[in-house]
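Q: Shown below is the structure under consideration.
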Amino acid sequence: DQQVKQNSPSLSVQEGRISILNCDYTNSMFDYFLWYKKYPAEGPTFLISISSIKDKNEDGRFTVFLNKSAKHLSLHIVPSQPGDSAVYFCAASASSNTGKLIFGQGTTLQVKP
Amino acid sequence: KAGVTQTPRYLIKTRGQQVTLSCSPISGHRSVSWYQQTPGQGLQFLFEYFSETQRNKGNFPGRFSGRQFSNSRSEMNVSTLELGDSALYLCASSLLIAGTDTQYFGPGTRLTVL
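Top to bottom, those sequences are chains R and X.
Going by the working numbering, the first residue of the first sequence is number 8, and it counts up by one from there.
Going by the working numbering, the first residue of the second sequence is number 2, and it counts up by one from there.
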């Protein structure tokens with residue numbers, strides 16, 4: 008049972024444009040959501056997070072939106088840069104399930120110069 | 002602050018052997034979680050330790066075990082290795098005393114089982 012889904016395996020955007028990465032979840036107990044960026048054979052790097060009590064969180068070029076009723080979150084990157092090219096994972100956790108992140112399958116973002 | 006460190010970075014073992022991987026969390030972090038990444042299954046949670054106690058466990062066989070020391074450093078052990086255990090093993094640390102918190106990952110240990 009895939010509790011966190013990233014339905015787009017890949018995304019290609021032009022440098023300077025907006026990148027939108029999407030994530031859906033099924034477990035209503037999730038109350039904290041995170042986005043990580045990952046390069047092959049390296050550990051995930053934390054980008055941004057959002058608590059379920061919020062619907063938006065911004066950090067520089069990165070904004071995460073949470074729609075609890077739709078059980079959907081998205082990561083916006085504006086403007087996109089070639090250095091943003093990587094695999095992006097969304098992850099979810101529940102207060103009742105300490106220390107456990109449930110990851111989506113990842114979306115490979117390619118930003119073309 | 003130094004990040005999460007993992008040793009060794011690469012390991013090659015043969016079926017039936019056992020292996021121990023080590024993780025040093027960010028200074029001050031007391032929670033350490035372990036994950037396995039494979040092409041087929043993605044990133045999957047193995048277990049989490051806090052104050053030397055296992056608080057949470059994923060759906061992995063008993064061949065996978067771990068422990069945490071008083072300085073928060075953690076080790077995981079895999080016994081009787083199988084070919085399917087070949088994976089990138091990641092550890093993550095957080096302040097996490099209760100509830101939810103951001104986990105910061107180490108670079109991983111690439112285990113190859115021949």
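Positions of the beta carbon are idealized from the N, C-alpha and C atoms, including for glycine.
The structure presented is a predicted model; accordingly, all values stated were derived computationally and were not measured.
#1: Which residues in chain R sit within 9 angstroms of residue 57 (chain X), going by Cβ to Cβ distance?
#2: Is it right to say residue 51 (chain R) is buried, meaning 16 or more other beta carbons lie within 10 angstroms of its own, or is it exposed?
#3: Given that residue 84 (chain X) touches chain R, what residues does it touch there, using C-beta distances under 8 angstroms?
#4: Could you give the distance in angstroms between the alpha-carbon of residue 43 (chain R) and the alpha-carbon of residue 110 (chain R)?
#5: Would you say residue 50 (chain R) faces chain X, with C-beta separation under 7 angstroms as the test?
#6: Just how far apart, CA to CA, sit residue 5 (chain X) and residue 34 (chain X)?
#7: What residues of chain X sit near residue 82 (chain R), judged by a beta carbon separation below 7 angstroms?
#8: Listed from N- to C-terminal order along the chain, which residues in the region 14-43 of chain X have their beta-carbon within a distance smaller than 7 angstroms of any beta-carbon of chain R?
#9: At a cut of 8 angstroms, does the region 23-34 of chain X reach the region 27-47 of chain R through at least three beta carbon pairs?
#10: What residues match up with residue 25 (chain R) in a beta bridge as DSSP calls it?
#11: Put residue 113 (chain R) into one of helix, strand or coil per three-state DSSP.
#12: Are the beta-carbon atoms belonging to residue 12 (chain X) and residue 112 (chain X) less than 7 angstroms from one another?
#13: Taking the C-alpha atoms as reference points, what is the distance between residue 88 (chain X) and residue 43 (chain X)?
A: With the given structure in hand:
#1: 104, 105, 106 and 107
#2: buried
#3: Under the 8 angstroms cutoff, chain R gives no residues; its nearest Cβ is about 19 angstroms from residue 84 (chain X).
#4: 10 angstroms
#5: yes
#6: 11 angstroms
#7: Residues of chain X passing the Cβ test: none, with the nearest at roughly 15 angstroms.
#8: 32, 34 and 43
#9: no
#10: DSSP output for residue 25 (chain R) lists no bridge partner at all.
#11: coil
#12: yes
#13: 10 angstroms
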